[in-house]
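Data first, discussion second: the structure below is written as structure tokens.
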Amino acid sequence: MQTQFTIESNGQGLYEFTDSVRNFVAKSGAESGLLTLFVRHTSCSILVQENADPSVLHDLVAYFDRLVPDANNSQMSWLTHTAEGPDDMPAHIKSAILPTSISIPILNGDIALGMWQGIFLFEHRQAHMVRKVVGHISA
Amino acid sequence: MQTQFTIESNGQGLYEFTDSVRNFVAKSGAESGLLTLFVRHTSCSILVQENADPSVLHDLVAYFDRLVPDANNSQMSWLTHTAEGPDDMPAHIKSAILPTSISIPILNGDIALGMWQGIFLFEHRQAHMVRKVVGHISA
Amino acid sequence: MQTQFTIESNGQGLYEFTDSVRNFVAKSGAESGLLTLFVRHTSCSILVQENADPSVLHDLVAYFDRLVPDANNSQMSWLTHTAEGPDDMPAHIKSAILPTSISIPILNGDIALGMWQGIFLFEHRQAHMVRKVVGHISA
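Chains as they are written, first to last, in the working numbering: chain H, 239 to 377; chain E, 239 to 377; chain C, 239 to 377.
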């Protein structure tokens, strides 16, 4: 069983869509199996992270902006792929470091997330974007 | 077929559990298929790495501690999520950089690890922890 | 259905093998399913990245060489695992940061890559290497 999730982003940050994923699994009727999510872009990521305290999400964004500064930053003056804006190549680098696909077992009809885990689209671009994530359930 | 592995950690480091995974696959009787491991936490990771020379594991821990220093380090003074201890937010960041799930094909009744590959829980917290990893075998 | 891809590398960089993967999926006859790729080494990675502009690949290599310099670099003087050459332990670290496995849904007989996505072996060693990637298709 397959679906495609559409997630609209408005700037860098983490956009949770755990409920949409849970609804898809519930509708599938699968009692056990494997859910895989795959993002069809190279400038955003799929991340399972803590969804309890928003300060975790804030600090994640801040950390990765320090690890991979925008092209305007003098530390990044060596970048050559700059034609698509100062946040484009850094977005590709973040999408290499962070996951493009994630697989979560289904137990008793639900994904086996831990108590504090949520599923997020991690957007690395500053502009408004419409992102596509394919969901697939295997037996 | 599904199982849950329990791994107790005593501080930051890599804890190998390749043999437990191989036993699970052998008991399943699967000749071919796909094994997926998923860790139900956001402050530790699942990593396939070299299991021949312990100095590799030592250097991995040392590297990630330099890449993501504890909150006590002046480089990390911008962190906001610090209520759960100086190693908590850095553990979330490491768990974003390192894998939460890994999938390994099963060939001839065994996981297709290369000669030097082992499967590790990579613990990012300093306290004693009891970690849960779900294992799933698809056809 | 399973296969093994062999990719020869000649130094650090990204080696695209999207066409080989697409041929394998086409030959399998699978209309829908899940393709998983797993690399049997701990000093190279599997990466889905932009395959349109070669400058993206150039900058990715340059970034990771800055993030994880060779052992000859004074920033890395703390490394202990240095017997196998100055690029060996950095290659292990890069292989921890970048993916060892990736899973891509199959839709309408083809992998669900986005318009700009290609599949690459990311080689982290300088010497000529022969790399093995296992491909597996689940229902």
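Glycine is no exception: its CB is placed at the ideal position from the N, C-alpha and C atoms.
Bear in mind the structure is a predicted one, so any value in this text is a computation, not a measurement.
Given residue i, which residues of its chain have a CB within under 7 angstroms of its CB, disregarding the five upstream and five downstream residues?
i        : result
Gln364/H : Gly249, Gln250, Asp325
Leu317/H : Ala309, Met327
To which residues of the same chain is residue i closer than 8 angstroms at the C-beta, ignoring the five residues directly before and after it?
i        : result
Leu345/C : Ser270
Ile331/E : Val306
Phe255/E : Phe243, Ile245, Ile357, Phe358, Leu359, Val371
Cys282/H : Ser247, Ala329, Ser333, Leu359, Phe360, Glu361, His362, Arg363, Met367, Arg369
Out of curiosity, what's the CA-to-CA distance linking residue i and residue j?
i        : j        : result
Ala329/H : Pro292/E : 34 angstroms
Ser266/C : Met314/C : 46 angstroms
Leu285/E : Ile342/E : 12 angstroms
His319/H : Leu336/C : 20 angstroms
Ala300/C : Leu295/E : 25 angstroms
Ala309/E : Ala334/E : 17 angstroms
Met209/E : Ala290/E : As displayed, chain E neither begins before 239 nor continues past 377, which places residue 209/E out of reach and without an answer.
Phe243/C : His279/C : 13 angstroms
Glu361/C : Asp303/C : 12 angstroms
Ile349/H : Val277/E : 12 angstroms
Gly323/C : Tyr253/E : 26 angstroms
Asp257/H : Gln287/H : 14 angstroms
Thr338/H : Leu298/C : 16 angstroms
So the alpha helix (DSSP H) residue i belongs to, where does it begin and stop?
i        : result
Pro292/H : 292-305
Pro328/H : 326-335
Give the residues of chain E in contact with residue i, contact being defined as C-beta atoms less than 7 angstroms apart.
i        : result
Trp316/C : Ala300
Gln240/C : Ser270, Pro343, Leu345
Where does the unbroken beta strand (DSSP E) through residue i begin, and where does it stop?
i        : result
Phe243/C : 240-248
Ser376/C : 366-376
Ser312/C : That residue, Ser312/C, is in no beta strand (DSSP E); it is neither H nor E in DSSP.
Gly347/H : Taken as a continuous stretch (DSSP letters only), Gly347/H belongs to no beta strand (DSSP E), as it is neither H nor E.
Gly356/E : 355-361
Can you name, in chain order, every residue of its own chain whose Cβ lies under 6 angstroms from the Cβ of residue i, other than the five neighbours on each side?
i        : result
Leu275/H : Ile284, Ile340, Val371, Gly373
Thr241/E : Phe262, Gly373
Ile375/E : Met239, Ser266, Ala268, Gly271, Leu273
Met367/H : Ser247
Gly380/C : No answer is possible for residue 380/C: the residues shown for chain C start at 239 and end at 377.
Val259/C : Ile357
Gln355/C : Val286
Taking residue i as the query, report the chain C residues whose CB atoms sit under 7 angstroms from its CB, ordered along the chain.
i        : result
Glu288/E : Thr280, His330
Leu336/E : Ala334
Thr274/H : Leu272, Ser341, Pro343
Thr293/E : It should be pointed out that residue 293/E corresponds to Ser in this sequence rather than to Thr. Thr318, His319, listed in chain order.
Leu285/E : Ala334
Using a Cβ cut-off of 9 angstroms, pull out every chain C residue sitting near residue i, in sequence order please.
i        : result
Gly352/E : Val277, Arg278, His279, Thr280, Lys370
Ala377/E : Ser376, Ala377
Residues of chain E with a CB under 9 angstroms from the CB of residue i: which are they?
i        : result
His374/H : Within 9 angstroms Cβ-Cβ: nothing; His374/H doesn't reach chain E, min ~11 angstroms.
List, in chain order, every chain H residue whose beta-carbon is nearer than 7 angstroms to that of residue i.
i        : result
Asp297/C : Leu317, Thr318, His319, Met327
Gln355/C : Arg278, Thr280
Along the chain, which unbroken stretches of the alpha helix (DSSP H) at least 4 residues long are found entirely within the stretch 254-283 of chain E? 256-266
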